[in-house]
Amino acid sequence: MKTKRCLFFWILYSVNAVPDQSKVHFDRCTLLVRNEETLGGDKQTLECQVPSNASIRRYQVAGLSQQWLDKYRLNIISSQSQLVSEAMEIQKDVIRVMDTSEGNQHTFLELPESNHGSSEARHHRQNKRYGERNLASVSHGTKNAVVIHIKTLDVETPYSKKDLSNVVFGTHGDTENVRSRMNACSFGKLNVEPARVDGVDNGVYSFEIQLKAADISRHTLTNMIFDDLADNYGKDLEETFDHVMLCIPKGIGNPFVAYAWSNDIMSAFYDTWCGSVSAQVHEVGHNMGLKHSGEGDCKWCPYADQSGLMGYTYPESEGPKMCFNAPKSWQLGWYNDKNVEIDPLKNRSWHGKLVGVADYGLGDYLDRFGFKIIVKLISPDKDIEYYVNFNRKAGVNEETKEGADQVLVTKQTNFRGYPRKSDLEQKMSAGDKYFIENFGGSGQDVLIQVLSVSSAQTPWFAEIWIASTSDVSLTHPPIEVEILPPSPLPTALPSATPTKRPS
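Numbering (the numbering used here), first residue to last: 702 to 1204.
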């Protein structure tokens, strides 16, 4: 029956050749940003989503001038911005903007409300895409995920359905996958579970089509899968699934690594990249609103921060065992009770001890001795933030690829409170200083100094001093800081409650 249904949808696509829809002109659609990792670098594609009678459809946007893109591209909030124009029409796999004026003068970007404010307010606004059924954060609770096993006349997903379930959810003994990694890094606060609904076997849904791979584009394939899922589970797929992961066989479209739509439920993986743990977590991270973690200015730099999983992806199926950088961890909200937010221009200084995310499980012990996980520096410019963390290489973060056991300073830029890409600014060891010049346009500098890194006891920690100064000269005089002795630690630490891994 599945094959017949899929073939039926393809006949609709073929016989109508989408002209039936292209005759319909419309003036707005919902913009989505597709973040694609390829072997040649990072690629972002602008797409538009339009409702149809049976499901939803997505198309690449065509007809926008470079002048328009230069003006608006960085301001697009995926799944929440609207493209508004005098007329648009569907032409096969694209939505074409019919505004031919210079710079598309009659085409506009309609933005959502500002996302400035508390973390709780941000989470609430971010979750509008889920509807009123889910007011909890996209990064907390149990999320139902389904991975799509795809078969054409000549190719199919390179894993059997059983193996695909195992490499994505660990249902048959695999210990490193999106399910186990999210559970471990969140200390049980996020559980990505295989969907358990009719027609889905251990989180795997089978999609078959009686065509050869070369005759199918990825856009067409995506829309066909939307139609098929909608036929079985209703038009509002988010009522059934929190994440839909396509495992696309080799031969359908040009090779790639993986991609996902930001603030959405859909992601896709090419060939054996379906089994890459870092790719799985990275793309689901995009679904949850996370952007890339970068460092420097080069072709690969948009995701060159290798301290966390929103940087590079790796082909390994059993690692690397690491989590997210400081801005992403703050956005996810998993360690909020151990984080601190300071305004260095108002508070003037802050002195404290940072431990790594791996030690979050020590719980009340951290509170008792004043340990923190992340320090966020509030800037006068609300769309510029700085984060300081101790990147301890241990436990859930034991295979971090960069800045191991160092203090990291990361800059986060936003638009109207919505996060953009973060940039790793500095890696610091004991005794190092880093000045943020003209902090947030204030005319003042902010000093971050690592007073010491203690590895003689558990947990390891870095002692940090953060202070503002009105000295804006290029040569900064040393600031004398009293190094306070660490709080006495017990000779024996209480055993941390182990994180329960999904079976």
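Glycine included, every Cβ here is placed at the ideal spot set by N, Cα and C.
Report the rounded CA-to-CA distance for Asn878 versus Phe957, giving the unit in angstroms. Going by the C-alpha atoms only, they are around 20 Å apart.
Taking 8 Å as the threshold (C-beta atoms), are Gly900 and Val848 in contact? No, these two residues do not count as a Cβ contact at 8 Å.
Can you look up Thr843 in the DSSP assignment and give me helix, strand or coil? If DSSP states are grouped into helix, strand and coil, Thr843 belongs with the strands.
Could you tell me whether the Cβ atoms of His850 and Phe908 are closer together than 8 Å? Contact: yes.
From Gln1107 to Cys1024, what does the alpha carbon distance come to, in whole angstroms? Cα-Cα distance, rounded: 15 Å.
Check whether the stretch 1059-1078 touches the stretch 1160-1169, taking contact to mean three or more Cβ pairs, one atom from each stretch, closer than 8 Å. Contact between the stretch 1059-1078 and the stretch 1160-1169 is present, with at least three C-beta pairs closer than 8 Å.
Run through DSSP, which three-state label would Val1058 get? The DSSP-derived three-state label of Val1058 is helix.
Tell me which residue opens and which closes the beta strand (DSSP E) that Asp1124 is part of. DSSP places Asp1124 in the uninterrupted beta strand (DSSP E) bounded by Tyr1119 to Met1129.
Opposing strand residues paired with Asp743 [DSSP bridges]: Residue pairing by DSSP places Asp743 opposite Glu738 in a beta bridge.
Touch check for the stretch 948-964 and the stretch 994-1003: three-plus C-beta pairs under 8 Å? Flag = no, the stretch 948-964 and the stretch 994-1003 do not touch.
Reduced DSSP secondary structure (H/G/I, E/B, other) of Ile777: Note: Ile777 maps to coil in three-state DSSP.
Can you give me the start and stop residues for the beta strand (DSSP E) that Ile796 sits inside? Val795 to Val798 is the span of the beta strand (DSSP E), which, as asked, contains Ile796.
What residue range is occupied by the uninterrupted alpha helix (DSSP H) comprising Gln1158? Premise fails: Gln1158 is in no alpha helix (DSSP H) and is neither H nor E.
Within a Cβ cutoff of 6 Å, which residues of the same chain sit near Gly764, ignoring the five residues on either side of it in sequence? Here Gly764 has Arg797 and Val798 as same chain residues with Cβ atoms under 6 Å from its own Cβ, once five neighbours each way along the sequence are excluded.
If you draw a straight line from the C-alpha of Met989 to the C-alpha of Asp937, how long is it? Straight-line spacing of the CA atoms in Met989 and Asp937 works out to 18 Å.
Opposing strand residues paired with Gly995 [DSSP bridges]: DSSP links Gly995 through a beta bridge to Asp1124.
Between Trp1031 and Asn1040, how many whole angstroms is the CB-CB distance? I'm expecting something under 8 Å. Going by Cβ atoms, the distance from Trp1031 to Asn1040 rounds to 6 Å, so yes, they are a contact pair.
Rounded to whole angstroms, what is the Cα-Cα separation between Cys886 and Pro1081? Between the C-alpha atoms of Cys886 and Pro1081 there is a straight-line separation of about 31 Å.
Put Leu1046 into one of helix, strand or coil per three-state DSSP. Three-state DSSP puts Leu1046 in a helix.
Tell me which same chain residues have a C-beta within less than 6 Å of the C-beta of Gln1127, skipping the five on either side of it? If you ignore the 5 residues before and after Gln1127, its C-beta comes within less than 6 Å of the C-beta of Val1110 and Tyr1135, all in its own chain and listed in chain order.
Please classify Arg1093 as buried or exposed, where buried requires at least 16 other C-beta atoms within 10 Å of its C-beta. Buried is the label assigned to Arg1093, since at least 16 other Cβ atoms lie within 10 Å of its Cβ.
Is the stretch 732-749 touching the stretch 908-917 in the sense that three or more CB pairs, one from each, lie closer than 8 Å? They do not touch, by the three-pair rule.
Suppose contacts are defined by Cβ-Cβ distances below 8 Å. Is Thr808 in contact with Ser779 by that definition? Cβ distance not < 8 Å, so Thr808 and Ser779 don't count as in contact.
Identity of the residues DSSP links to Phe970 by a beta bridge: Per DSSP, the beta-bridge partners of Phe970 are Cys948 and Ala959.
Start-end ranges of the alpha helix (DSSP H) lying completely within the stretch 875-907, minimum 4 residues: Taking only runs of at least 4 residues, the alpha helix (DSSP H) segments lying wholly in the stretch 875-907 are 879-886.
Would you please state the rounded distance, in angstroms, between the beta carbons of Ser977 and Pro1016? I believe it to be under 8 Å. That pair is a contact at about 6 Å.
Pro950 beta carbon less than 8 Å from that of Val1056: Going by C-beta atoms, Val1056 is not nearer than 8 Å to Pro950.
Take the Cβ of Pro1120 as the centre, count every other Cβ of all protein chains shown within 10 Å, and call the residue buried at 16 or more, exposed below. In summary, Pro1120 is buried, with 16 or more beta-carbon neighbours lying within 10 Å of its beta-carbon over all protein chains present.
Considering just the uninterrupted stretch of the alpha helix (DSSP H) at Met650, what are its terminal residues? Shown here, the chain extends from 702 to 1204; a query on residue 650 therefore has no answer.
How far does the beta strand (DSSP E) with Asn1037 in it reach, from first residue to last? Boundaries cannot be given for Asn1037, as no beta strand (DSSP E) includes it and DSSP labels it neither H nor E.
Might you give, ordered along the chain, the residues of its own chain that have their beta carbon closer than 6 Å to the beta carbon of Gly842, omitting 5 neighbours on each side? Apart from sequence neighbours up to five positions away, no residue of its chain approaches Gly842 with a beta-carbon distance below 6 Å.
As assigned by DSSP and simplified to three states, the class of Phe1116: If DSSP states are grouped into helix, strand and coil, Phe1116 belongs with the strands.
So Arg1069 is in the alpha helix (DSSP H); what residue range does that whole segment cover? Where Arg1069 is concerned, the enclosing alpha helix (DSSP H) stretches over Asp1065 to Arg1069.
Comparing C-alpha positions only, which one of Arg1049, His987 and Met946 sits nearest to Phe870? Minimum Cα distance to Phe870 is reached at Met946.
Suppose the cutoff is 8 Å on Cβ atoms and the five residues either side in sequence are ignored; what does the same chain contact list for Met1129 look like? Cβ neighbours of Met1129 beyond the five flanking positions: Gln1107, Val1108, Leu1109, Val1110, Tyr1135, Ile1149 and Val1151.
How would you label Cys975, buried or exposed, when you count the other beta carbons within 10 angstroms and need 16 or more for buried? With 16 or more Cβ atoms within 10 Å of its Cβ, Cys975 is classed as buried.
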